[in-house]
Amino acid sequence: MNKTLLSIVVGASIALSAQTHAAVYADFPVTVKNYTGDKIHSESFAGQMARHNLHNSVKKLVSKGASLEQTSAYFNGKAAGRAIINPVSKDGFPVLQTQVDELSAGKNLSGKAYKGLITGMPGGLTGAELLELMMVKAAQTESGFDPLTGYDYTQLISKFTMGAVFYNQAVDSYLDEKLAADTKPNNKAYKDGAAYTGKEHVWDEAFGYFGAPAHTLELTAEDVYLIAKQKPEGFAKADYNGDGKVSLVTEMAYAHAYYAAAFDKGGKTQYLHTIVQAFVDGRNLISSANGEALTDAQRSELMGYAKVIKVQWQRLIAEAVFKYAGSVYGDLEKLETIIEANGDAVKAYRSYAKHWGELKGFALALEAGGVNLGETGVKMNRLLGYSPVLLGNTQVVALVNGEFVQSSSVSLSEYRVHMIKVQKLMIDAFGVEARSKDVTANLAELVDALGDALAAEND
Amino acid sequence: MMEWLLSFIQSWFAELTGLVNQGSKRVFVGYLLSAAIIAVVWLMWQRRLNFLSALGWLFQRKLWWSHSSRSDYQLMVLNQAVMLLLSPLLLSKLALATALFYGLNDWISRPLWSSEISVFWTSVLFTSCLFVVDDASRYYLHRLMHRWPALWAFHRVHHTAQSLTPFTVLRTHPVEGVLFGLRSAIVQGLLIGLFVFVFGDRVTLLSLLGANVFTAVLNILGSNLRHSPVPFSYGKTLESWLISPAQHQIHHSQASAHWDKNFGVFIALWDRMGNTLEYGSNTQQLTYGLPDQKLNEHQLVTLYWQPFKSCWRCFQRSKPGPISQTQQMRHDK
Chain A
0 MNKTLLSIVV GASIALSAQT HAAVYADFPV TVKNYTGDKI HSESFAGQMA RHNLHNSVKK
60 LVSKGASLEQ TSAYFNGKAA GRAIINPVSK DGFPVLQTQV DELSAGKNLS GKAYKGLITG
120 MPGGLTGAEL LELMMVKAAQ TESGFDPLTG YDYTQLISKF TMGAVFYNQA VDSYLDEKLA
180 ADTKPNNKAY KDGAAYTGKE HVWDEAFGYF GAPAHTLELT AEDVYLIAKQ KPEGFAKADY
240 NGDGKVSLVT EMAYAHAYYA AAFDKGGKTQ YLHTIVQAFV DGRNLISSAN GEALTDAQRS
300 ELMGYAKVIK VQWQRLIAEA VFKYAGSVYG DLEKLETIIE ANGDAVKAYR SYAKHWGELK
360 GFALALEAGG VNLGETGVKM NRLLGYSPVL LGNTQVVALV NGEFVQSSSV SLSEYRVHMI
420 KVQKLMIDAF GVEARSKDVT ANLAELVDAL GDALAAEND
Chain B
0 MMEWLLSFIQ SWFAELTGLV NQGSKRVFVG YLLSAAIIAV VWLMWQRRLN FLSALGWLFQ
60 RKLWWSHSSR SDYQLMVLNQ AVMLLLSPLL LSKLALATAL FYGLNDWISR PLWSSEISVF
120 WTSVLFTSCL FVVDDASRYY LHRLMHRWPA LWAFHRVHHT AQSLTPFTVL RTHPVEGVLF
180 GLRSAIVQGL LIGLFVFVFG DRVTLLSLLG ANVFTAVLNI LGSNLRHSPV PFSYGKTLES
240 WLISPAQHQI HHSQASAHWD KNFGVFIALW DRMGNTLEYG SNTQQLTYGL PDQKLNEHQL
300 VTLYWQPFKS CWRCFQRSKP GPISQTQQMR HDK
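Quick mapping for you: the protein sequence lines, in order, are chains A and B. Going by numbering that gives the first Met the number 0, the first sequence opens with residue 0, and the numbers climb by one from there. Going by numbering that gives the first Met the number 0, the second sequence opens with residue 0, and the numbers climb by one from there.
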């Protein structure tokens with residue numbers, strides 16, 4: 000009797016501990032054979048979190064009109080002593096680290112930017128070259144905005160960095176070729192003396208780039224959204240270890256994880272939890288190999304998790320394209336009305352440019368996933384063009400000697416229709432479901448308002 | 000399977016309760032109540048009955064529990080299940096609206112003047128257009144149902160009602176239900192697509208009790224008396240514009256002189272244009288149903304199955320097919 004009770008208690012504790020273990024991306028055991036160091040856990044993604052902080056800081060600097068020297072220190076530089084510009088402690092939301100080096104030393108963004116061709120902007124540049132160009136151009140503006148081209152560099156750089164660095168590194172490298180059997184194998188340390196195996200660290204790096212708190216599965220999408228926004232009401236949710244400060248390595252939300260949370264809190268999608276669950280499941284699988292090379296079956300299962308992550312991550316970026324195409328559509332409606340009435344369009348134009356920068360940044364990010372988007376990519380780029388259609392019906396058409404050149408374009412009204420088509424393309428090509436700022440939402444609302452015709456009423 | 004069945008029964012029950020608790024449905028309890036009040040007042044005024052006698056006359060058992068009325072109830076209950084099963088196959092209003100919206104955006108550009116009309120007037124325009132076009136399409140389909148033998152075979156089910164209660168509005172063959180659903184999807188889908196194309200997100204439906212405000216107001220004003228023994232006439236002037244309960248009762252009259260009259264639902268203009276308008280009278284006395292009606296035409300199986308047989312005969316050249324009420328009328332003349 001006592002034995003039975005004991006086995007139930009032990010069984011339950013094991014199940015409970017396994018459950019706890021599975022829910023948080025933390026406390027994975029060291030499985031490297033003959034490891035001699037003093038680490039007791041193997042997960043490591045501080046380098047990725049340092050890059051999230053570099054990205055947040057670059058965004059802040061560009062928006063404040065910082066010099067190229069200042070922004071480059073974070074974008075290209077690796078020097079020690081860089082303060083984190085964003086996120087910093089706020090009332091009700093203190094953060095633990097203030098220096099990039101406290102997360103990981105010697106990191107930059109440019110070194111990890113996509114080296115493939117980006118066709119959504121002129122000049123035949125690679126992702127890395129395009130970001131460099133944008134950094135230079137941004138430094139020539141007052142606060143990251145060039146009214147002559149309509150480029151909001153703060154948004155373009157931020158959204159494209161998220162794609163060209165974080166998304167590209169994760170889905171095109173770590174979850175792609177680095178999952179091959181003979182690359183970064185699991186029966187060897189990632190590098191000499193490391194507490195993690197090749198595959199463990201490859202997986203951790205991909206997880207880090209997504210930007211989710213390690214305890215995401217214990218949080219709601221709303222919680223993660225509040226954390227990324229550094230809202231005081233999100234603090235208790237963020238401070239998982241209860242030390243009174245939010246760790247920028249394990250407890251903060253960044254980049255695409257923030258967008259996933261923003262879409263998911265609408266209730267129609269579950270990008271955040273689906274992606275993080277796949278990361279956690281994949282990591283548990285690798286840990287379970289206990290430092291041995293992954294079998295074909297294990298690697299195949301791992302590729303399954305990687306596929307879930309890739310598909311969901313791409314769709315999540317497509318959701319952002321969808322959303323900002325809707326925002327641009329609304330901005331264009333306002334602009335057309337203002338212009339028709341000879342009103343002051345400065346504010347509306349600024350809002351249009353901001354949303355276009357976000358739209359284009361995410362659209363360019365889709366190109367950086369290492370998969371050929373084929374006809375979808377061509378359609379998307381043609382619909383968006385190289386710049387927003389400007390008030391005189393012109394648009395950037397080329398990059399000549401480092402300068403953007405404009406030519407006549409479609410009208411604002413026609414360009415507005417392009418946004419409808421972009422949204423439709425995101426539905427047809429990527430199956431987006433959250434559909435924020437859906438320009439056809441009113442159709443559904445009116446259909447709902449009119450009710451069904453199921454009653455079979457006669458006259 | 001069991002799970003599906005349970006969820007289906009739940010949905011069926013929800014549809015049935017929805018008939019009486021949703022303002023978008025004709026037999027919504029609020030509309031029934033307002034119709035009852037109007038009927039009592041009318042009976043006290045026109046028939047000089049006291050309140051209790053008026054109530055007694057209105058709720059007489061031989062009306063509400065007649066063979067004809069009981070078959071109305073059976074059809075009502077069963078049709079909700081049939082329509083629920085058919086609903087996934089029906090043309091989606093939203094799909095049509097979206098297709099038109101995308102199509103229009105492909106073909107033409109949005110007129111700039113549209114943004115000068117305020118949200119309120121945009122909504123007034125949308126709600127009015129919807130009411131008028133919807134009503135016109137109902138008239139036209141109803142007229143076709145009487146004129147084409149293959150359609151009359153199904154619409155006949157509605158006309159076999161020999162006593163009229165508000166629930167007779169639901170005495171419909173499912174095929175006709177599908178046709179009316181299709182009509183509604185086409186009209187509403189196209190108008191929604193068109194208005195959202197022209198006016199963007201500034202279009203809203205002016206609604207009352209969850210229905211088009213015009214429909215809701217007319218329903219409050221006693222639409223349910225159309226199918227009732229109360230011959231409430233509006234007088235010739237108003238009846239030239241709005242179909243009164245008395246006029247619709249003429250539409251149900253067995254007398255051949257009344258056949259193919261008053262196809263309209265709310266607006267009388269269509270009947271005037273189609274030369275089918277007949278004025279009502281507060282003193283009219285009518286017999287409802289069809290002269291060639293058989294005894295078994297209140298049986299559920301007959302009501303559901305016979306129309307298919309009749310319809311099929313319309314397409315068989317070797318055998319003489321059934322004729323529509325219109326053809327019969329022309330023949331009689």
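Glycine included, each C-beta is placed from N, C-alpha and C at the ideal position.
Segment limits, beta strand (DSSP E) that includes residue i
i, result
"Thr121(B)", "Thr121(B) -> not in any beta strand (DSSP E); alpha helix (DSSP H) instead, spanning 118-146."
"Phe403(A)", "402-407"
Chain-order list of residues whose beta-carbon lies under 6 Å from that of residue i (same chain, five-residue window excluded)
i, result
"Gly143(A)", "Val61, Ser62, Ala137, Tyr152, Thr153"
"Lys333(A)", "Ala347"
"Gln394(A)", "Gly384, Ser386, Val388, Ser408"
"Arg225(B)", "Pro244, His247"
"Ser157(A)", "Lys58"
"His20(A)", "Interpretation of His20(A) is limited by its pLDDT of 48, a score under 50 that renders its predicted location unreliable; no figure is taken from the coordinates."
"Lys89(A)", "Gln229"
Partner residues on chain B for residue i, Cβ-Cβ distance less than 7 Å
i, result
"Asp458(A)", "Arg137, His141, Val264"
"Leu449(A)", "Gln187, Leu204"
"Val431(A)", "The contacting residues do not exist; Val431(A) stays about 15 Å from chain B at best."
"Val320(A)", "In chain order: nothing, as chain B lies at least about 18 Å away."
Opening and closing residue of the alpha helix (DSSP H) in which residue i lies
i, result
"Glu131(A)", "126-138"
"Thr16(B)", "1-20"
"Leu57(B)", "50-57"
"Val87(A)", "Segment: none, Val87(A) is in no alpha helix (DSSP H) and carries neither H nor E."
"Gln276(A)", "270-287"
"Lys24(B)", "No alpha helix (DSSP H) contains Lys24(B), which DSSP labels as neither H nor E."
"Leu241(B)", "Unbroken run through Leu241(B): none, as it is neither H nor E."
"Asp100(A)", "99-102"
"Asn380(A)", "373-383"
"Arg312(B)", "299-313"
"Gln47(A)", "45-62"
"Thr203(B)", "Segment: none, Thr203(B) is in no alpha helix (DSSP H) and carries neither H nor E."
"Tyr173(A)", "It is not in any alpha helix (DSSP H) - Tyr173(A) carries neither H nor E in the DSSP assignment."
"His417(A)", "411-429"
"Thr118(A)", "Here Thr118(A) belongs to no alpha helix (DSSP H), and DSSP marks it neither H nor E."
Cross-chain neighbours of residue i in chain B, by beta carbon under 9 Å
i, result
"Lys136(A)", "Here the premise fails: no neighbours, minimum Cβ distance about 33 Å."
Helix, strand or coil at residue i according to DSSP, with G and I counted as helix
i, result
"Ala210(B)", "strand"
"His214(A)", "coil"
"Ser252(B)", "strand"
"Leu4(A)", "Confidence in Leu4(A) is poor, its pLDDT being 48 and thus under 50, which makes the residue's placement too unreliable to answer from."
"Val399(A)", "strand"
"Tyr287(B)", "strand"
"Ile308(A)", "helix"
"Tyr150(A)", "strand"
"Asp437(A)", "coil"
"Phe262(B)", "coil"
"Val370(A)", "coil"
"Asp222(A)", "helix"
Sequence-distant residues of its chain with Cβ nearer than 7 Å to residue i (five each side left out)
i, result
"Thr375(A)", "Leu424, Ala428"
"Ser41(A)", "Phe27, Pro28, Val29, Thr30, Ala194, Tyr195, Glu199"
"Ile84(A)", "Ser56, Lys59, Leu60"
"Leu67(A)", "Met134, Val135, Ala138"
"Gln21(B)", "Phe27, Gly209"
"Arg201(B)", "Val118, Thr121"
Residue i: contacting residues in chain A (beta-carbon distance under 9 Å)
i, result
"Asp200(B)", "Gly329, Glu332, Val438, Ala440, Asn441, Glu444"
"Tyr101(B)", "Ile419, Lys420, Lys423, Thr439"
"Gly209(B)", "Ala448, Gly450"
"Asn334(B)", "Within the shown structure, residues of chain B are numbered from 0 to 332, placing residue 334(B) beyond reach of any answer."
Per-residue contacts from residue i into chain A (C-beta, under 8 Å)
i, result
"Val168(B)", "Glu456, Asn457, Asp458"
Within chain A, partners of residue i - CB distance below 7 Å
i, result
"His157(B)", "Asn457"
"Ser23(B)", "Gly450"
Amino acids of chain B, ordered along the chain, whose beta-carbon sits closer than 8 Å to that of residue i
i, result
"Val412(A)", "Here the sequence assigns Ser to residue 412(A), which means Val is not the residue at that position. In chain order: Ser108, Arg109, Leu111."
"Glu335(A)", "Leu111, Ser114"
Cβ shell of residue i (< 8 Å), same chain only, five flanking positions each side left out
i, result
"Ser10(B)", "Leu83"
Inside the stretch 328-365 of chain A only - alpha helix (DSSP H) runs reaching at least 4 residues:
none
At which residue ranges does the stretch 224-248 of chain A contain complete alpha helix (DSSP H) runs of 4 or more residues, listed in the order of the chain?
231-237
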